[in-house]
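Chemist: Residue numbers (this note's numbering), protein chains in the order written: chain P, -5 to 262; chain W, 381 to 666.
Dumping the structure here so I can ask a few things about it.
Okay, structure coming up:
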């Protein structure tokens, strides 16, 4: 399945490049309203038509993809770092520190993910600027999504810290910090990478869920969540099939992230 | 018995810790202690002072928490600020609705997931494997809210969405587990001795995979409850998911924290029940 993985990664690179170059590729700004073309069908000027406020759908899709596709990895990076810090420390130190940290992790894991997110999101002001809403949404995902990864990393760090090469390094007089920095962490890299990669589609889907519920990125800044929210107004009588383009792109991109994972990463 | 006590103790710890966390969240949230009634120009200075006085006990965090815990122990979950109804009454009205949706979703998800996981393992056909994996893969890439929206557009019953959210997770895990169990030497021997497909599945594959599948059953309860929020909101089902969303939109943190705690306790109970069943099964197998 190497070809499928390569194709998936190639597609992700292509989509990322398109959304990074949105300023040059998009026909208009994501907030520009064409008042003479409300809910317009696809045309040369608007390849995916316009929404009910006259905003170009293709532009909004490109900018929305940029928000979701660039910030989900940022949130995944944050959660992986937190997981490495908590799980790595717990596994390396062991004893009561590990028991306490893992008990806290278990407590965190027992809270239903979306309930927790909605609760913490509601704690923060809802009426904020679009930029602040983006930061809040993805920072929350990053800060709350570390628990499952921390468990995996803790188990790995525990195995590593009792392995022969670490015992040998300890016997030769290496301090705890050096052991952690030079011997444990480099060997945790594959699992950290896998956790990072696994988190990205989870965060993309969660942002979409929050966006549809009105608790994600604030208008007029688009994200996949807010773009998919438009499906609420879909009607079979005035069918606009191009409204499904963001959904198709989301499914393909998330599938690519799943396909991009190697079998050994999935099993880890 | 010892396991039961340990699990009960854990639930108590979760409630206490969750209570502290929840009370702290409510206490530190922006806007705490501010009542929009104070903006009512018809109220005079004394009335405003009386309003502030009524919230004086909430001023100190420790005092607030003790007050909160005391009410919790007496079964008083407080009053919803946005809906102006006791939280207990709201839960009594809405929890059965969510339980019905979650129960149906779990039943559908597990039936579909197990059936479609067994099909490729037993038929050993790549075509069946590809089709079932493709279906589960597509559903895995769809946010719960989008599935709910698609059901609304198609005028399909919203409760079924929860089943389609549970299905791909059950399928992926069960398929890998069953495929692994089916390749074990004792299963190959049973097949070589001429045991029928149904007999092999029932007597040789499922008993091996059973304990791990049960562990997943506990996790799937938490997953279904979480998915209930977008599904109930978009399909207009009056359950606790919809209540949580309304509370979030109205920043009714007291209601939200209570809801999260109760759902957490239910999911913990489901996980512990799965543990209690799994442990004897696993030790019996050993």
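Think of the CB as a built atom: it goes at the ideal place given N, C-alpha and C, for glycine as much as any other residue.
The structure presented is a predicted model; accordingly, all values stated were derived computationally and were not measured.
Any beta carbon from chain W within less than 9 Å of residue 92(P)'s own beta carbon?
Modeler: Between residue 92(P) and chain W, the shortest Cβ-Cβ separation is not below 9 Å.
Chemist: Can you list, in chain order, the residues of its chain with a C-beta nearer than 6 Å to that of residue 66(P)? Leave out the 5 residues immediately preceding and following it.
Modeler: Closer than 6 Å at Cβ, skipping near neighbours: 194, 197, 198.
Chemist: Nearest-angstrom Cα distance between residue 192(P) and residue 200(P)?
Modeler: 13 Å
Chemist: So which residues on chain W does residue 104(P) lean against when the C-beta distance must stay under 8 Å?
Modeler: 394, 602, 644, 647, 648, 651
Chemist: Please list the residues of the stretch 169 to 182 of chain P that have a C-beta atom closer than 7 Å to any C-beta atom in chain W, keeping them in chain order.
Modeler: Going along the stretch 169 to 182 of chain P in chain order, one finds no residue with a Cβ nearer than 7 Å to chain W.
Chemist: By Cβ distance below 7 Å, which residues in the same chain neighbour residue 27(P) in space, the five residues on each side in sequence not counted?
Modeler: Listed in chain order, the non-local C-beta contacts of residue 27(P) below 7 Å within the same chain comprise 47, 48, 49, local neighbours out to five positions each way being set aside.
Chemist: In the DSSP assignment, what residue or residues form a beta bridge with residue 466(W)?
Modeler: 459(W)
Chemist: Would you say residue 228(P) lies against chain W (beta-carbon separation less than 9 Å)?
Modeler: yes
Chemist: Could you list the residues in the stretch 504 to 522 of chain W with a C-beta less than 9 Å from some C-beta on chain P, going in chain order?
Modeler: 517, 518, 520, 521, 522
Chemist: I want to see whether chain W comes within less than 9 Å of residue 225(P), judged by CB atoms only; does it?
Modeler: yes
Chemist: Excluding sequence positions up to five away, which residues of its chain have a Cβ less than 8 Å from the Cβ of residue 4(P)?
Modeler: Once the five neighbours on either side are set aside, residue 4(P) has no close Cβ partner at all.
Chemist: Please name the residue, chosen from 390(W), 442(W), 471(W), that lies closest to residue 643(W) on a Cα-to-Cα basis.
Modeler: 471(W)
Chemist: Pick out whichever of 181(P), 130(P), 173(P), 171(P) has its Cα sitting closest to the Cα of residue 149(P).
Modeler: Looking at the Cα atoms, 181(P) is the closest of the given residues.
Chemist: Leaving out five residues on either side along the sequence, give the residues of the same chain with a beta carbon under 6 Å from the beta carbon of residue 245(P).
Modeler: Answer for residue 245(P): no residue qualifies.
Chemist: Is it buried or exposed, residue 97(P), if we count other Cβ atoms within 10 angstroms and call 16 or more buried?
Modeler: exposed
Chemist: Return helix, strand or coil for residue 49(P), following the three-state DSSP convention.
Modeler: Residue state for residue 49(P) is assigned as strand, using DSSP reduced to three classes.
Chemist: State the DSSP-derived secondary structure class of residue 27(P), mapped to helix, strand or coil.
Modeler: strand
Chemist: Can you name, in chain order, every residue of its own chain whose Cβ lies under 7 Å from the Cβ of residue 595(W), other than the five neighbours on each side?
Modeler: 654, 658
Chemist: Within 10 angstroms of its Cβ, does residue 58(P) collect 16 or more other Cβ (buried), or is it exposed?
Modeler: buried
Chemist: From the beta carbon of residue 113(P), is the nearest beta carbon of chain W less than 9 Å away?
Modeler: yes
Chemist: To the nearest angstrom, how far is the alpha carbon of residue 615(W) from that of residue 593(W)?
Modeler: 30 Å
Chemist: Hey, is residue 146(P)'s beta-carbon within less than 9 Å of any beta-carbon in chain W?
Modeler: No, no contact with chain W.
Chemist: So which residues of chain W does residue 203(P) contact, with C-beta pairs closer than 7 Å?
Modeler: The answer, in chain order, is 523, 524, 525, 610.
Chemist: If you drop the 5 nearest sequence neighbours on each side, which residues of the same chain put their C-beta closer than 7 Å to that of residue 263(P)?
Modeler: Nothing can be reported for residue 263(P): it is not among the residues displayed for chain P, which extend from -5 to 262.
Chemist: Check whether chain P comes within 9 Å of residue 631(W), counting only Cβ atoms and requiring the distance to be less than that.
Modeler: Under the Cβ criterion of 9 Å, residue 631(W) is counted among the residues facing chain P.
Chemist: Expressed to the nearest angstrom, what Euclidean distance is found between the alpha-carbon atoms of residue 30(P) and residue 39(P)?
Modeler: 13 Å
Chemist: Between residue 639(W) and residue 109(P), which are expected to be in contact by the criterion C-beta below 8 Å, what is the C-beta distance as a whole number of angstroms?
Modeler: 7 Å
Chemist: Measuring alpha carbon to alpha carbon, tell me which residue in 227(P), 52(P), 2(P) is nearest residue 18(P).
Modeler: 52(P)
Chemist: By the DSSP assignment, the alpha helix (DSSP H) with residue 10(P) in it spans what residues?
Modeler: -4 to 14
Chemist: With a CB to CB cut of under 6 Å and the five nearest residues on each side skipped, what residues in its chain are close to residue 262(P)?
Modeler: The pLDDT assigned to residue 262(P) is 49, lower than 50, so where the model puts this residue is not dependable; a value taken from the coordinates is nonetheless given after this. These residues qualify, in order along the chain: 185, 188.
Chemist: For the alpha helix (DSSP H) containing residue 612(W), list its first residue and its last residue.
Modeler: Note, residue 612(W): alpha helix (DSSP H), 586 to 614.
Chemist: Quick check on DSSP: helix, strand or coil for residue 274(P)?
Modeler: A question about residue 274(P) goes unanswered here, because the residues of chain P that appear run from -5 up to 262.
Chemist: What do you reckon, are the CB atoms on residue 645(W) and residue 395(W) nearer than 9 Å?
Modeler: In this structure, residue 395(W) lies closer than 9 Å to residue 645(W) by Cβ.
Chemist: My parser needs the alpha helix (DSSP H) runs of 4 or more residues fully inside the stretch 538 to 579 of chain W; what are they?
Modeler: 540 to 562, 565 to 572
Chemist: Measuring only the C-alpha atoms, how far is residue 116(P) from residue 629(W)?
Modeler: 7 Å
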